[in-house]
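In the numbering used here, the protein residues as written are 364 to 481.
Here is the structure:
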């Protein structure tokens with residue numbers, strides 16, 4: 364039996380969770396709402412995060428465009444995604460909501476612009 368402590372990030376309450384993982388499954392203590400249980404299960408089975416960063420524009424001034432993932436990315440893929448984004452140069456103009464990458468590595472996750480640059 365493993366006891367794992369996490370702080371739930373699904374809402375502003377920031378509940379301190381104790382997740383007990385044993386042969387019978389997962390049990391969660393410390394959550395104030397059902398979202399804490401779902402968060403705990405996801406953290407143990409498939410932890411994911413929204414990715415935000417900046418990508419260089421294809422301009423002499425080396426200006427940057429803020430981008431983010433359209434949904435949460437599995438933690439094991441984040442380094443690869445950031446490496447790929449660091450090699451990119453985006454052609455202007457770019458508007459908020461433009462897709463920079465569609466369906467990254469067949470995950471149904473898009474990388475979208477979160478800022479304008481003309």
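Ideal Cβ positions, reconstructed from N, Cα and C, are used throughout, including at glycine.
Bear in mind that the values here come from a model prediction, so they are computed numbers and not experimental data.
For residue i, three-class secondary structure by DSSP
i, result
"residue 462", "strand"
"residue 380", "strand"
"residue 412", "strand"
"residue 450", "helix"
"residue 388", "strand"
Residue from the options whose Cα sits closest to the Cα of residue i
i, options, result
"residue 366", "377, 467, 392", "392"
"residue 396", "371, 438, 444", "371"
"residue 447", "373, 468, 364", "468"
Straight-line gap, residue i to residue j (C-alpha atoms, nearest Å)
i, j, result
"residue 382", "residue 388", "10 angstroms"
"residue 465", "residue 472", "7 angstroms"
Counted within 10 angstroms of its Cβ, other Cβ atoms place residue i as buried (16 or more) or exposed
i, result
"residue 458", "exposed"
"residue 380", "buried"
"residue 476", "buried"
"residue 399", "buried"
Whole-angstrom C-beta distance between residue j and residue i, which should lie under 8 angstroms
i, j, result
"residue 418", "residue 453", "5 angstroms"
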